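Remarks on the structure that follows.
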Amino acid sequence: MATARIVIVGAGPAGIRCAETLLAAGFKPILIDENRRDGGQIYRRQPQGFTRNYATLYGTEAHKARDLHDSFDRLRGAIDYRPDTLVWNLTPGQLCCVKQGKHTTVDYDALILCTGATDRLMPIEGWQLAGTYSLGGAQIALKSQAVSIGHRVVFMGSGPLLYLVASQYVKAGANVAGVLDTSPLSKHIGALPKLLARPGLLFTGMKLLAQLYRAKIPVHSGIQPLQVLGDASSGVSAVRVRTAKGETLNVECDAVALGYHLRPETQLADLAGCRMRFDEASGQWWLAVDEEGRTSVSGVYAAGDGSKIRGADAAEHAGRLVAMALLEDLHQPVNAGLRDETRQALAVMDQFRLGLAQAFPWPAEQAKALPDTAIVCRCEMISAGELRAVVSEKGACEVNRAKAFSRVGMGRCQGRYCSQAGAEVIAAAAGVSVQQVGRQRGQAPVKPLSMLTEEVSP
Ligand SMILES: Cc1cc2nc3c(=O)[nH]c(=O)nc-3n(C[C@H](O)[C@H](O)[C@H](O)COP(=O)(O)OP(=O)(O)OC[C@H]3O[C@@H](n4cnc5c(N)ncnc54)[C@H](O)[C@@H]3O)c2cc1C
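Adding 26 to a residue's 1-based position in the sequence shown gives its number in our numbering.
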């Protein structure tokens, strides 16, 4: 068994395929995940004791989920798997973890970050009312605990997850009051040539839409979100939007799921000092990696949605590829044929990714249109008006300065859900591009954690 201490963070599709490749090459990686079970986001396993079958849980992706779970079950005893363990900080060569409130450190020679992505959110007036969830949160409630977020649910935002989660709710028998997409139909059609890079996936997407129409769910594209209506005591009562025809539409509901595709989880890479780059297609900062997953910091690698949002199939390929990159750097033999095939497969998936970005653009213009009273940072309850004031009154046109003056991004989420929209508000107020206002630096702890004082062995 080779001796380098290799740590993988994230037991999703990327992390599992990476661990599998390293194990096959004679290494025994440590695989850490904050979840209690393996599978990551898409192939999230239900809690022990739940008995829903694969088809119910994963739909068209059931065979892929089973394949990944089976692979993991074969690996589990041969690697050093540490579930229920959050990596909350790092220093060169060492990770700081917390498991059930107890602190532990893990040393590494090579670190592979397979940390996935989370919801990308744009504020709307009233989104702090009880009953407003992220799309991912709505899906996790259904997938993990088989519950709906409300009795009558509106899905609003943009991106493939919008239609996917709405159709999963319909399939589960929930009452879906409407699907409200900010991207216009013309964008969907314009993106078809790129989306045809993966015709099977495009067809699956069209089938989802057909399912929604068959179930008579009102689907509106090209809408402008105006307000989540309701009050502090009873929560959400409706969603108000402007339709593509310019009419105001109120859709009654007691819960709303919001989301605009995904944003990569890059905080650990940021703390490791890895270089970031601005991705024009999605309009957000991504981790800079080479084609195989090497970051700018020697010994630190990344794969899957945490470095480039290309979906689960790509994450599996990227996991294998990054393992091969590490093996090569450790002067171990790699299968050059497999590496080239994997690269080619990823290039096709990249084309599809660009198609998705074109079909479902991030609605940056909404930040400009937000009323001053709309809350941008829900943890600290900072409004768009307060944020604009730090630009106009303090001249804070860089996001970290604006954070210091306003507290946007200083709360429990550490800016993971508000910093991108906050940057758009600052950019619009300052009259510059969002790239110019920069990105919020990662801070430890990267996620909320509770901690006891004594040390525990892993
Ligand atoms: C909420 C959500 C729902 C999605 N639903 C679908 C869907 O239904 N269909 C679909 O095709 N795609 C879906 N996607 C996209 C899909 O999940 C990803 O493309 C795919 O899972 C990427 O695989 P990955 O291995 O890169 O990351 P993930 O599968 O996200 O795995 C990352 C893992 O890293 C762990 N992790 C992250 N940070 C830390 C840390 N600091 N310490 C310890 N562990 C950590 C997480 O717990 C997670 O298990 C969804 C994405 C999200 C965010």
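Every residue gets a Cβ at the ideal spot worked out from N, C-alpha and C, and that includes glycine. Being a predicted model, the structure only gives us computed values, none of them experimental.
Through-space distance from residue j to residue i, alpha-carbon basis
i	j	result
Arg268	Gln253	10 Å
Leu11	Gly411	What is shown of the chain runs 27 to 484, which leaves residue 11 out entirely.
Val402	Gly152	10 Å
Gly65	Phe98	8 Å
Ala156	Phe181	15 Å
Gly248	Ala338	27 Å
Ile215	Lys54	47 Å
Thr208	Ala30	48 Å
Pro219	Arg379	12 Å
Leu168	Ala88	16 Å
Glu291	Gly332	5 Å
Gly448	Ala390	11 Å
Pro118	Gly256	48 Å
Gln461	Asn426	13 Å
Gly36	Arg301	20 Å
Thr82	Phe229	20 Å
Ser174	Val282	11 Å
Gly464	Leu116	23 Å
Gly85	Ala258	37 Å
Arg452	Val458	First, the residue type needs correcting, since residue 452 is Ile and not Arg in the sequence shown. For Ile452 and Val458, the distance between alpha carbons rounds to 9 Å.
Val262	Val132	44 Å
Leu139	Ala340	15 Å
Gly183	Tyr286	5 Å
Ala164	Glu278	18 Å
His95	Ala270	43 Å
Gln469	Ala236	43 Å
Asn361	Gln67	29 Å
Leu372	Thr130	36 Å
Ala91	Arg438	32 Å
His357	Val323	18 Å
Asp296	Val113	13 Å
Gln194	Ser409	33 Å
Trp388	Leu147	9 Å
Limits of the unbroken beta strand (DSSP E) element including residue i
i	result
Glu278	Thr274 to Glu278
Leu238	Here Leu238 belongs to no beta strand (DSSP E); instead the alpha helix (DSSP H) covers Pro225 to Arg240.
Lys125	Gln120 to Lys125
Leu396	Leu396 -> no beta strand (DSSP E), and no H or E assigned at all.
Pro251	Gln250 to Asp257
Pro149	That residue, Pro149, is in no beta strand (DSSP E); it is neither H nor E in DSSP.
Val196	Counting along the chain, Val196 falls outside any beta strand (DSSP E), though it belongs to the alpha helix (DSSP H) covering Pro186 to Lys197.
Arg266	Gly261 to Arg268
Ser160	Thr158 to Ser160
His18	Past the boundaries of the shown model lies residue 18; the chain is included only from 27 to 484, so the question cannot be answered.
Ile175	Per DSSP, Ile175 belongs to no beta strand (DSSP E) and is neither H nor E.
Arg433	Per DSSP, Arg433 belongs to no beta strand (DSSP E) and is neither H nor E.
Asp207	Val202 to Asp207
Asp106	Asp106 to Arg108
Val245	Val245 to Ser247
Leu155	It is not in any beta strand (DSSP E) - Leu155 carries neither H nor E in the DSSP assignment.
Trp114	Thr111 to Thr117
Where the alpha helix (DSSP H) containing residue i begins and where it ends
i	result
Ala371	Ala362 to Ala385
Pro219	Leu218 to Leu221
Gly345	Ala338 to Asp355
Leu288	Leu288 -> not in any alpha helix (DSSP H); beta strand (DSSP E) instead, spanning Leu288 to Pro290.
Val417	Ala410 to Ser418
Val451	Ser445 to Ala456
Ala136	Counting along the chain, Ala136 falls outside any alpha helix (DSSP H), though it belongs to the beta strand (DSSP E) covering Ala136 to Leu139.
Ser97	Ala88 to Leu101
Chain C within 8 Å of residue i, Cβ atoms only
i	result
Leu380	Protein chain content of the structure displayed is limited to a single chain, and chain C is not contained in it.
Residue i beta carbon near ligand 3 (any heavy atom closer than 7 Å)
i	result
Ala192	Among the ligands in the structure shown, ligand 3 does not appear; only ligand 1 can be found there.
Decide if the stretch 421 to 433 is in contact with the stretch 71 to 83; the criterion is three or more beta carbon pairs, one per stretch, under 8 Å apart.
no
Segment contact flag, the stretch 100 to 115 with the stretch 124 to 144, C-beta cutoff 8 Å, min 3 pairs
yes
How about the stretch 381 to 401 and the stretch 142 to 157: do they share at least three Cβ pairs that are nearer than 8 Å?
yes
Examine the Cβ distances between the stretch 299 to 318 and the stretch 368 to 384 and report whether three or more of them are shorter than 8 Å.
yes
Are there three or more Cβ pairs, one per stretch, closer than 8 Å when the stretch 413 to 426 is compared with the stretch 469 to 477?
no
Please give the ranges of any alpha helix (DSSP H) in the stretch 28 to 82, keeping only runs that are unbroken, at least 4 residues long and fully inside the region.
39 to 50
Counting only runs of 4+ residues fully inside the stretch 279 to 330, write out the alpha helix (DSSP H) ranges in chain order.
293 to 297
Would you check if there are 3 or more beta carbon pairs closer than 8 Å linking the stretch 319 to 330 to the stretch 345 to 365?
yes
Is the stretch 324 to 331 touching the stretch 39 to 56, taking contact as three or more C-beta pairs under 8 Å?
yes
Check whether the stretch 237 to 245 and the stretch 192 to 203 are in contact - that is, three or more C-beta pairs closer than 8 Å.
yes
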